[in-house]
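What follows is a set of notes on a single structure, which appears directly below.
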Amino acid sequence: EGDKAFSLSNLGLSLGHRAFALSLNLVLGSAISRHQILARFAGEEAKLRLNGVGMLDGERHADVTLVVDHAVPGGESRELFKTAVDQRANGVFQGKIIVRPHAQKTDGKMMSAALLLSEEASMSNKPELEIFADDVQCGHGATCGALDKNLLFYLMARGIPRREAQAILIRSFLGEAMEELSNDELREALGALVDSWLVRRA
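Mapped onto our numbering, the consecutive letters of the sequence shown carry residue numbers 171 to 372.
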């Protein structure tokens, strides 16, 4: 997508009895983008993995809104969104896990982590839980910070140039969200997109 593009996407998932779904969402390229994801557990004992990778630079703005609705018992959901934000870009993550009154034995975890690569970059995280059942295991978290200076120093002390050391750490940070992909070709293609973005910012 071009630097002046506006992007809007909607993803809806409905999981039946013992269904399994894995979705990886990529945020890259548009000047302004909004991604909305709604996943609903309609059958018992289903499992869901929703991951996301975002790479923002320039003055791009990206908004990810995610709702996971546990409407039946025994569901398991995991959401992991990783975003690297550079220059004057801005990211927003709004995520919610809903557990309905009859959805006992629900196991839900949501995490959004952002890496700020410049002083002007910004990220807003807003994970939420709405729980109306009592026999559940649910949690959420959010982190936002810069590259680890100790790890950066460690790599540079071994002769790795600063920009290359930064790229190694950024690639590792984003790569966690792609680990569950079983298709090697797809994982390599996504890795190439990450590498291309890293080359552009070098």
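Think of the CB as a built atom: it goes at the ideal place given N, C-alpha and C, for glycine as much as any other residue.
If you're wondering where the values come from, they're calculated on a predicted model, not measured in any experiment.
Evaluate residue i with the Cβ neighbour count: other Cβ atoms within 10 Å of its Cβ, from every protein chain shown; 16 or more gives buried, anything less gives exposed.
i, result
"T276", "buried"
"D179", "Checking the sequence, you will find Ser at residue 179 rather than Asp. So S179 counts as exposed."
"L360", "buried"
"K174", "exposed"
"F251", "buried"
Quick one: residues in its chain with C-beta nearer than 6 Å to the C-beta of residue i, no 5 flanking neighbours on either side, listed in chain order?
i, result
"E229", "R258"
"L194", "N221"
"T313", "A283"
Which residues bound the beta strand (DSSP E) around residue i?
i, result
"G222", "K217 to L226"
"A191", "F190 to L198"
Excluding five sequence neighbours on each side, which residues of the same chain lie with their C-beta closer than 7 Å to the C-beta of residue i?
i, result
"R332", "M326"
Could you have a look at residue i and say whether DSSP puts it in helix, strand or coil?
i, result
"E229", "coil"
"G182", "strand"
"A284", "strand"
"V242", "coil"
"K275", "coil"
"V234", "strand"
Between which two residues does the alpha helix (DSSP H) holding residue i run?
i, result
"V364", "D354 to R371"
"M348", "Note, M348: premise wrong, no alpha helix (DSSP H); not H, not E."
Using a Cβ distance threshold of 8 Å, determine whether the stretch 239 to 250 contacts the stretch 193 to 203, with at least three qualifying pairs required.
The stretch 239 to 250 vs the stretch 193 to 203: no contact.
At least three beta-carbon pairs within less than 8 Å, the stretch 293 to 308 to the stretch 328 to 348
They do not touch, by the three-pair rule.
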